[in-house]
Amino acid sequence: MYWYQVLAALLFTIGVVGVLVRRSALIIFMSVELMLNAVNLSFVAFSRQHGSMDGHIFVFFVMAVAAAEVAVGLAILVAIFRLRSTANVDDVRLLKG
Amino acid sequence: MTLVEPFLFAMFGGTAIGCALGVVFHRNPVHCALLLVGVLLSVSGLFVLLHAPFIAALQVIVYAGAIMVLFLFVVMLLNVKGESSILTPGAAKGFGILFALLGFVELLWTVLSPAAESSGIPEAVLPADFGSPAAIGRILYTVWLFPFEITSILLLVAVVGAVVLAKRKFA
Amino acid sequence: MDTATLIEAAIKVHIVLGFILLGVPLIVWMERKVIGHMQDRIGPERVGPFGLLQTIADGIKLFMKEDIIPSQADKVVFVLAPALTVITALVATTVIPWGDTVQLFGRTIGLHITDVNIALLFVLGATSMGVYGIVLGGWASNSKYPLLGGLRSSAQMISYELAQGIALVGVILMTGTLSLAEIGRAQKHMWFIVPQFVGFVVYLLAGIAETNRAPFDLPEAETELVAGFHTEFSSMKFAFYFLGEYANMMVVSGVAITVFLGAWQGPFLPGPVWFLIKLTAFLFFYVWLRATFPRLRYDQLMAFGWKVLLPVSLLNLVVTATVLAFRGS
Numbered sequence: 001m002y003w004y005q006v007l008a009a010l011l012f013t014i015g016v017v018g019v020l021v022r023r024s025a026l027i028i029f030m031s032v033e034l035m036l037n038a039v040n041l042s043f044v045a046f047s048r049q050h051g052s053m054d055g056h057i058f059v060f061f062v063m064a065v066a067a068a069e070v071a072v073g074l075a076i077l078v079a080i081f082r083l084r085s086t087a088n089v090d091d092v093r094l095l096k097g
Numbered sequence: 001m002t003l004v005e006p007f008l009f010a011m012f013g014g015t016a017i018g019c020a021l022g023v024v025f026h027r028n029p030v031h032c033a034l035l036l037v038g039v040l041l042s043v044s045g046l047f048v049l050l051h052a053p054f055i056a057a058l059q060v061i062v063y064a065g066a067i068m069v070l071f072l073f074v075v076m077l078l079n080v081k082g083e084s085s086i087l088t089p090g091a092a093k094g095f096g097i098l099f100a101l102l103g104f105v106e107l108l109w110t111v112l113s114p115a116a117e118s119s120g121i122p123e124a125v126l127p128a129d130f131g132s133p134a135a136i137g138r139i140l141y142t143v144w145l146f147p148f149e150i151t152s153i154l155l156l157v158a159v160v161g162a163v164v165l166a167k168r169k170f171a
Numbered sequence: 001m002d003t004a005t006l007i008e009a010a011i012k013v014h015i016v017l018g019f020i021l022l023g024v025p026l027i028v029w030m031e032r033k034v035i036g037h038m039q040d041r042i043g044p045e046r047v048g049p050f051g052l053l054q055t056i057a058d059g060i061k062l063f064m065k066e067d068i069i070p071s072q073a074d075k076v077v078f079v080l081a082p083a084l085t086v087i088t089a090l091v092a093t094t095v096i097p098w099g100d101t102v103q104l105f106g107r108t109i110g111l112h113i114t115d116v117n118i119a120l121l122f123v124l125g126a127t128s129m130g131v132y133g134i135v136l137g138g139w140a141s142n143s144k145y146p147l148l149g150g151l152r153s154s155a156q157m158i159s160y161e162l163a164q165g166i167a168l169v170g171v172i173l174m175t176g177t178l179s180l181a182e183i184g185r186a187q188k189h190m191w192f193i194v195p196q197f198v199g200f201v202v203y204l205l206a207g208i209a210e211t212n213r214a215p216f217d218l219p220e221a222e223t224e225l226v227a228g229f230h231t232e233f234s235s236m237k238f239a240f241y242f243l244g245e246y247a248n249m250m251v252v253s254g255v256a257i258t259v260f261l262g263a264w265q266g267p268f269l270p271g272p273v274w275f276l277i278k279l280t281a282f283l284f285f286y287v288w289l290r291a292t293f294p295r296l297r298y299d300q301l302m303a304f305g306w307k308v309l310l311p312v313s314l315l316n317l318v319v320t321a322t323v324l325a326f327r328g329s
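Protein chains in written order, with our numbering: chain A, 1 to 97; chain B, 1 to 171; chain C, 1 to 329.
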């Protein structure tokens, strides 16, 4: 059963690498979705182990929140892209000290 | 046939990891989005192996069928091209990978340690309708009713926010 | 999971696959003949008796045509996109029951490839994935008109998915199960079209919009936008898109029959024969609509989906839930 947890940890780490290393805002967003999926997998695996359905309910809410977050995040991305025609996070640095 | 489950786990897990590496290291954003769909479908298969059919179906319908289509729309409409050098330059790249690996080692330590719950407790005996829509409905609308209603308000806020943010301002 | 179950499943897969691959040429022939007669002309009549082999001839022609891939197109996605359309349509047919159980060789065999307890969600998931075939086909062509056509078509499909799903929830409330075989069995005494007529109409309209058929076929019609998302596809890839579209029609008809029109139930004939009769009637209705109605403009189409079908399906859901709660069932 712990193999599912190891897989979830591996997927989470790959997502972290994606957020830290890539420069395109879209790919960073996709890596965040990857992390959310790893967490979902971990929840369902624990739920299977303990025989409790609360893990499934958590995953349900995580999916709903992820959908909301993707909608708003992509809207922000579209707004920034329209203004600056770049999706590179290194170029959006007006607030930097 | 107790050999089927480890084989299926290896197949879905291997596909998930391969597609995840592709998402992070691929150049073309559309290919990354398609590989992320591959990850989502593999994880959905893993959910079925874990006796969670309803969550698996939701994963396909909501995540792979709606959220990723939204991603693809934005990528195609904005016509975001793959950049020439995709990774952050220089030392930041090395530090990023180093910290991620440290995090992974820490997670493995937690999961595999003898004191961890995941190795001590044997797998529970599951009721017959574990993971079915009826079982989820039974607790979603009684025990978890309040978060359910809050989530509906959250979705409304997200819809309004997305419409407002992406609107063109008529100058 | 013993070998007998595997053999049983393999035989059923062959039956369904053969039915679809033989049925699609027949549907195409029926469409051309029926539209021809409705337009006061004869339709194909030279190739084979009554023109029955016309579709086979067209299929051979498409097979022999040169397979062109545009040089700037994304080759992997270009080849993948038509395959996705067909795969999702065929996967959705695995849970549609075409009859009740039979007793063969001492085993009780249900006449469906598989029966999961989330069958309706499975079909909805497969049709959700079908959007990718279109949006990727439009994008992979690396050309303006197919891209626009593909985006419009997929926006239409995801808009009507909502109304389609909510229209089915009324029946789910009445039977308490998502399994299509159970829903079929629950209609022994009364078909669900009687209490859920509004749901049936909404599902029908949403299903026609989902499959990009007339009068909702603006994104791919021959007179609009060149040819929409399948402009650049030739030979077998084009044939695959068509196969996928007609297979999707059969899936939508199959689900509508199972959920609203009593599945395989009927007085004298065996179950699968009744299913075939109802399926043919449904497909005839599809063709009839195409011959009769003018196309909806794209903004009319989207307004209809969001402002009419979705609120009506929600209203149907609320009324159904209220009635069931007051009856205490």
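Don't be surprised by glycine CBs; every beta carbon is placed ideally from N, CA and C. All of these numbers come straight from a predicted model, not from anything done at the bench.
*Could one say the Cβ of B/F7 lies closer than 8 Å to chain A's Cβ atoms, at least one of them?*
Counting from 1 along the second sequence, the entry for residue 7 of chain B is found at position 7. No - not a single Cβ of chain A is within 8 Å of the one on B/F7.
*If you draw a straight line from the C-alpha of B/S132 to the C-alpha of C/F275, how long is it?*
On the second sequence, residue 132 of chain B is found 132 positions in, with the first residue counted as 1. On the third sequence, residue 275 of chain C is found 275 positions in, with the first residue counted as 1. When rounded, the distance between both Cα atoms is 28 Å.
_the region 119-130 of chain C: positions lying closer than 7 Å to chain B by Cβ_ = L121, F122, L124, G125, S128 and M129
_Spatial neighbours of C/G170 within its chain, please: C-beta separation below 7 Å, excluding the five flanking residues on both sides._
As a position in the third sequence, residue 170 of chain C is number 170, starting the count at 1. So the list reads Q196, G199, N316, L317 and T320, once near-sequence residues are dropped.
*Could you tell me the distance, in whole angstroms, from the CA atom of A/F29 to the CA atom of A/A66?*
One-based indexing of the first sequence puts residue 29 of chain A at position 29. One-based indexing of the first sequence puts residue 66 of chain A at position 66. Cα to Cα, A/F29 sits roughly 11 Å from A/A66.
*Hey, how far is the Cα of C/F19 from the Cα of B/P53?*
Here residue 19 of chain C is taken as the residue at index 19 of the third sequence, counted from 1. Here residue 53 of chain B is taken as the residue at index 53 of the second sequence, counted from 1. In this structure, the straight-line span from the alpha carbon of C/F19 to that of B/P53 is close to 29 Å.
*asked:* What does the alpha-carbon distance come out to for the pair C/G99 and C/Y132?
replied: Reading the third sequence from its first residue, position 99 is the one you call residue 99 of chain C. Reading the third sequence from its first residue, position 132 is the one you call residue 132 of chain C. Answer to the nearest angstrom: the Cα atoms are 31 Å apart.
*How is B/Q59 classed by DSSP in three states: helix, strand or coil?*
Within the second sequence, numbered from 1, the residue matching residue 59 of chain B stands at position 59. Looking at B/Q59 - three-state DSSP - the assignment turns out to be helix.
*Could you name the residues of the same chain whose beta carbon sits closer than 8 Å to that of A/V62, not counting the 5 residues immediately before and after it, in chain order?*
In the first sequence, residue 62 of chain A corresponds to position 62, counting from 1. Correct list, in chain order: L36, V39, N40 and F43.
_Partners in chain C for B/L72, counting only beta-carbon separations shorter than 7 Å_ = Locating residue 72 of chain B in the second sequence gives position 72, counting from the first residue. Residues of chain C passing the Cβ test: V135.
*Starting from C/I113, find everything on chain D with Cβ-Cβ shorter than 9 Å and list it in chain order.*
Of the chains in the structure shown, none is chain D; the protein chains are A, B and C.
*Quick one: Cα of B/V69 to Cα of A/S85, how far?*
Your numbering for residue 69 of chain B matches position 69 in the second sequence. Your numbering for residue 85 of chain A matches position 85 in the first sequence. Approximately 22 Å between the Cα atoms of the pair.
*Have a look at the DSSP bridge pairing and note the partners of A/S24.*
Within the first sequence, residue 24 of chain A is the residue found at index 24, counting from 1. According to DSSP, which records beta bridges pairwise, A/S24 is partnered with A/N88.
*Where does C/L104 fall in DSSP's three states?*
Mapped onto the third sequence, residue 104 of chain C falls at position 104. Of the three classes helix, strand and coil, the one that applies to C/L104 here is strand, per DSSP.
*Taking C-beta pairs closer than 7 Å, name the residues in chain B that A/L83 reaches, listed in chain order.*
The count along the first sequence starts at 1 and reaches residue 83 of chain A at position 83. Here the premise fails: no neighbours, minimum Cβ distance about 11 Å.
*Look at C/I27 and C/G36 and say whether their C-beta atoms are less than 8 Å apart.*
In the third sequence, counting from the first residue as 1, residue 27 of chain C sits at position 27. In the third sequence, counting from the first residue as 1, residue 36 of chain C sits at position 36. Not closer than 8 Å, so no.
*By the criterion of Cβ-Cβ separation under 7 Å, what are the contact partners of C/L178 in chain B?*
Your numbering for residue 178 of chain C matches position 178 in the third sequence. The contacting residues are P133.
*Between the Cα of C/E245 and those of C/L111, C/L180 and C/A89, spot the shortest distance and give me the residue it belongs to.*
In the third sequence, residue 245 of chain C corresponds to position 245, counting from 1. Taking only the C-alpha atoms, the option nearest C/E245 is C/A89.
*Take every Cβ of the region 151-164 of chain C, pair it with every Cβ of the region 290-309 of chain C, and state whether three or more of those distances are shorter than 8 Å.*
yes
*Verify whether the separation of the beta carbon atoms of B/V30 and A/S31 is less than 8 Å.*
To locate residue 30 of chain B, count along the second sequence from 1; it is residue 30. To locate residue 31 of chain A, count along the first sequence from 1; it is residue 31. No, the pair does not count as a contact, with Cβ atoms beyond the cut-off.
*What are the boundary residues of the alpha helix (DSSP H) that includes C/T292?*
On the third sequence, position 292 is the one that residue 292 of chain C refers to. Run containing C/T292: G271 to T292, per the alpha helix (DSSP H) assignment.
*Verify the CB distance criterion: does B/T15 have a CB-CB separation below 8 Å to chain A?*
Locating residue 15 of chain B in the second sequence gives position 15, where the first residue counts as 1. Closer than 8 Å: no.
_C-beta contact flag for B/D97 and A/L10 at 8 Å_ = To locate residue 97 of chain B, count along the second sequence from 1; it is residue 97. To locate residue 10 of chain A, count along the first sequence from 1; it is residue 10. According to the sequence displayed, residue 97 of chain B carries Ile and not Asp. It is not a contact, given that the beta carbons lie outside the stated cut-off.
*So, C/T127 versus C/E210, is the Cβ gap smaller than 8 Å?*
Position 127 of the third sequence, counting from 1, holds the residue named residue 127 of chain C. Position 210 of the third sequence, counting from 1, holds the residue named residue 210 of chain C. For C/T127 and C/E210, yes; Cβs fall inside 8 Å.
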